[in-house]
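For the protein sequence lines, the chains are D and R, in the order given. According to the UniProt record's numbering, the residues represented by the first sequence are 1 to 343, in order. According to the UniProt record's numbering, the residues represented by the second sequence are 1 to 343, in order. We put the beta carbon where it would ideally sit given N, CA and C, even for glycine.
There are 2 protein chains.
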Amino acid sequence: MAKPTVHDIAREAGVSLATVDRVLNGRPGVRANTIERVNDAVRSLGYVRDTYAANLARKTQYRFAFVLPDGDSQFVDTLKLALKEAMAAQLADRVFVKVVPVQVQDPHSVVRALNSLSAEHYDGVAIMAPETPQVRDAVARLKEAGLSVVALVSDLPTSGRDHFVGINNLSAGRTAGDLMGRFVGAIPGKVLIVTNSMLSRDSIERRLGFDEVMSERFDHLTILPTIESRGDPARMEAILLKAALAHPDLRGVYSMGPGNRPLIGALRRSGRIAELTVIVHELTPLTHQGLIDYEVDAVITQNVGHLVRSAMRVLRAKCDGVAIYEAQERIRIDIVLKENLPT
Amino acid sequence: MAKPTVHDIAREAGVSLATVDRVLNGRPGVRANTIERVNDAVRSLGYVRDTYAANLARKTQYRFAFVLPDGDSQFVDTLKLALKEAMAAQLADRVFVKVVPVQVQDPHSVVRALNSLSAEHYDGVAIMAPETPQVRDAVARLKEAGLSVVALVSDLPTSGRDHFVGINNLSAGRTAGDLMGRFVGAIPGKVLIVTNSMLSRDSIERRLGFDEVMSERFDHLTILPTIESRGDPARMEAILLKAALAHPDLRGVYSMGPGNRPLIGALRRSGRIAELTVIVHELTPLTHQGLIDYEVDAVITQNVGHLVRSAMRVLRAKCDGVAIYEAQERIRIDIVLKENLPT
DNA sequence: CATAAAATGAGGTACGCACCTCAGAAATCC
DNA sequence: GGATTTCTGAGGTGCGTACCTCATTTTATG
């Protein structure tokens, strides 16, 4: 009835504690036959290793690196803040976290950072960086070296990462489309989409989802050509202002990525921000204030606290070789309006 | 640099291990003066008890009771399901949970259940039940007996409960109002509110929030007198059907509590469900399907997984006498549309 | 000041596990 | 069948904590 321990397994399998230990920890010196006996006992008794006792005995720490974009992104800042909080809370749980800042626009910077993470100093890595062939290779190398790797916010499929912690961007785009269509209402008009770059996988997926919903359910709205800022706020602001003034029947603006500051600035300058339905991504101090001021109508976001905690849980589980609790690790797409802003 | 242990504290405070232990575990036989010295050492070294090692040594289980409404509420069912999953995941963490079903409409049933929970068999209790004087007293008794108590979903203020795990219902109502106003659009019309009973604290608060937002921002919409089902589905269905047919300019329906099945049934029968903006609470199989079928426009919900996990974390923290990590325990108000339904 | 009472120290055991050593048993090889 | 190699058992130690006992010191009490 009580939780089975290694002693119970030893008894059940008719072997000694030492042998159970060898099997459980993959140490050599056990006949295949005996290994089977032990594993059978584990299964039949439903033994699960007490990871806390194990860590206590092993006196290890989990050493994780979080590779995050450097620079002044409010989203990354809130992410870092959440990470800091989580670290404080997890300190008791033998988790050591190091933040590694990288210049995400430069794949070499990312690769250099990843290559600097050896299995000697780290047990796992969480990476938030755009998908490039170089990064994929570097991740594969980390995996090979025995590190656990999770992709954070932005997925790195085919890189061999253990897990992706983040939202489904197709659904995020569809959600934005749903809200846009409903908020704008039945009157025909135009919708503007802005992004940093249409090359990133996230933007492509969000755009795809948005388009799907618009054509399925709101075809009285016309989508204008996408505005790409390419990381240049001034450029973004200028083009946006021009577009806002050029289309008197513009009804809504959907911003798919970072760069909400120049967006809001331009819309304000155009004098039309109040009448437009503005939907952006990621809840940050800026977008939070935007909601309060009725300048932003909806924010589609992912809870940064959940992101970092999920990343840590998954990394720990991978290190322990334990199955993850899927339902808990699914990051939801949050819709935030003025009224349900978290307090 | 390394994590301080009880040994470090003993050395720092200039006392023996036994004394540190007495202080940390509140055992008697230590002079006030000495207690202070130990506590100072704890503070200055930043000692945090390793709860896992502690539990290992204490070889206790956390024994929690979840007092939940009996009967066929889909919301409670999903809550129970989440509880079951959480139990499976927490089994490794020495948590034992017992579900105690009660007839919530009968305060005596609740009180009887609560009184049956002795400190001998339980360390903490999570309660989901309406607030009545009898229940308040029973909770106070539990606290007195040394149990940790959290109110779940529905708060029990002034009962002395340690914590409330659930959403802010005023904000939930405001959020519903915000969505209703935006989804319905600029055309004047009427809005219907239905609930089980306007006597429950939750309904009152949601209604208050909804009204606030409607009068602040959407005063072209008129709110019809509230329909109360009083737990009678047939009655609800009949009144609702009548109301839906009596007001051709009805634009939206807001359901504040349980009883979504007769609601949707009546609206379907009225033939107007597609044109109405329907906003309900709690994501269940029924409302999930309603979103998919375009019968329900938005669901305002709280994540049951978070609810139970938060309740467990809080109960554990209270039992350990450890501070809770506020940010993680704040239950958000989730807005679910067809497009961001969790997969 | 003697004595009882309270406070403290020293030390042990246990929890479930990892990791180590060494001796002895079993299997394999020539 | 003896020598060698491969397995296995018995046992110990330590991780950070709880909880227990028993002696000893300190403090309060009459």
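Can you have a look at residue i and say buried or exposed, based on whether 16 or more other CB atoms are within 10 angstroms of its CB?
i: R37 of chain R; result: buried
i: Q302 of chain D; result: buried
i: G231 of chain D; result: exposed
i: S229 of chain R; result: buried
i: H281 of chain D; result: buried
i: D219 of chain D; result: exposed
i: V314 of chain R; result: buried
i: G146 of chain D; result: exposed
i: N260 of chain R; result: buried
i: G166 of chain D; result: buried
i: V30 of chain D; result: buried
i: T158 of chain R; result: exposed
i: Y294 of chain D; result: exposed
i: G305 of chain D; result: buried
i: E205 of chain D; result: buried
Could you give the DSSP three-state label for residue i: helix, strand or coil?
i: S215 of chain D; result: helix
i: Y122 of chain D; result: coil
i: E275 of chain D; result: coil
i: R63 of chain R; result: strand
i: H288 of chain R; result: helix
i: E282 of chain R; result: coil
i: S16 of chain R; result: coil
i: A323 of chain D; result: coil
i: E295 of chain D; result: coil
i: F81 of chain R; result: The amino acid occupying residue 81 of chain R in the given sequence is Leu; Phe does not appear at that position. L81 of chain R falls in the helix class under three-state DSSP.
i: T301 of chain R; result: strand
i: E205 of chain D; result: helix
i: I9 of chain D; result: helix
i: V48 of chain D; result: coil
i: I331 of chain R; result: coil
i: E339 of chain R; result: coil
Can you tell me which of the options puts its alpha carbon nearest to the alpha carbon of residue i?
i: L307 of chain R; options: R:S197, R:E295 and R:L152; result: R:L152
i: R316 of chain D; options: D:V95, D:N340 and D:M256; result: D:V95
i: T343 of chain R; options: R:S310, R:A311, R:Q289 and R:V150; result: R:Q289
i: V42 of chain D; options: D:Q74, D:P28, D:V6 and D:N33; result: D:V6
i: P188 of chain R; options: R:V23, R:L147, R:P248 and R:L286; result: R:P248
i: H121 of chain R; options: R:D155, R:V97, R:V104 and R:D21; result: R:V97
i: G257 of chain R; options: R:N39, R:V15 and R:N169; result: R:N169
i: V150 of chain D; options: D:A54, D:G124, D:T175 and D:A298; result: D:G124
i: A86 of chain D; options: D:R309, D:G321 and D:Y294; result: D:R309
i: G160 of chain D; options: D:P133, D:G181 and D:F183; result: D:P133
i: I35 of chain R; options: R:T19, R:D50 and R:V48; result: R:T19
i: E216 of chain R; options: R:V191, R:D178 and R:I239; result: R:D178
i: M312 of chain D; options: D:I127, D:A246 and D:A243; result: D:I127
i: L250 of chain R; options: R:E144, R:G265, R:S270 and R:R235; result: R:S270
i: Q103 of chain R; options: R:T78, R:V15, R:P130 and R:T195; result: R:P130
i: T195 of chain D; options: D:A238, D:E144 and D:L263; result: D:L263
i: Y254 of chain D; options: D:T175, D:G321 and D:D320; result: D:T175
Taking the beta strand (DSSP E) that residue i falls in, what are its first and last residues?
i: V253 of chain R; result: L250 to S255
i: E221 of chain R; result: The sequence shown places Leu at residue 221 of chain R, rather than the Glu named in the question. First-last of the beta strand (DSSP E) with L221 of chain R: L221 to I223.
i: K98 of chain D; result: V95 to V102
i: A151 of chain D; result: S148 to L152
i: G189 of chain R; result: G189 to T195
i: D72 of chain D; result: No beta strand (DSSP E) contains D72 of chain D, which DSSP labels as neither H nor E.
i: L335 of chain R; result: The sequence given here places Ile at residue 335 of chain R; Leu does not occur at that position. First-last of the beta strand (DSSP E) with I335 of chain R: D334 to V336.
State the start and end residues of the unbroken alpha helix (DSSP H) segment that holds residue i.
i: I143 of chain D; result: The displayed chain sequence assigns Lys, not Ile, to residue 143 of chain D. Here the alpha helix (DSSP H) through K143 of chain D covers P133 to E144.
i: H247 of chain D; result: First-last for H247 of chain D: undefined, no H or E at that position.
i: D40 of chain R; result: A32 to L45
i: D178 of chain R; result: N169 to V184
i: S109 of chain R; result: P107 to N115
i: P262 of chain D; result: N260 to S270
Fill in: Three or more C-beta pairs below 8 Å linking the region 131-147 of chain R and the region 106-113 of chain R
The region 131-147 of chain R is in contact with the region 106-113 of chain R.
Validate contact between the region 54-68 of chain D and the region 64-78 of chain R using beta carbons, cut 8 Å, 3 pairs
The region 54-68 of chain D is not in contact with the region 64-78 of chain R.
Is the region 324-341 of chain R touching the region 171-179 of chain D in the sense that three or more CB pairs, one from each, lie closer than 8 Å? By the Cβ test, the region 171-179 of chain D is in contact with the region 324-341 of chain R, since at least three Cβ pairs between them sit closer than 8 Å.
Answer yes if the region 269-284 of chain R comes into contact with the region 56-64 of chain R, meaning at least three C-beta pairs across the two stretches below 8 Å, and no otherwise.
As far as the Cβ criterion goes, the region 56-64 of chain R does not touch the region 269-284 of chain R, which means the pair count is below three.
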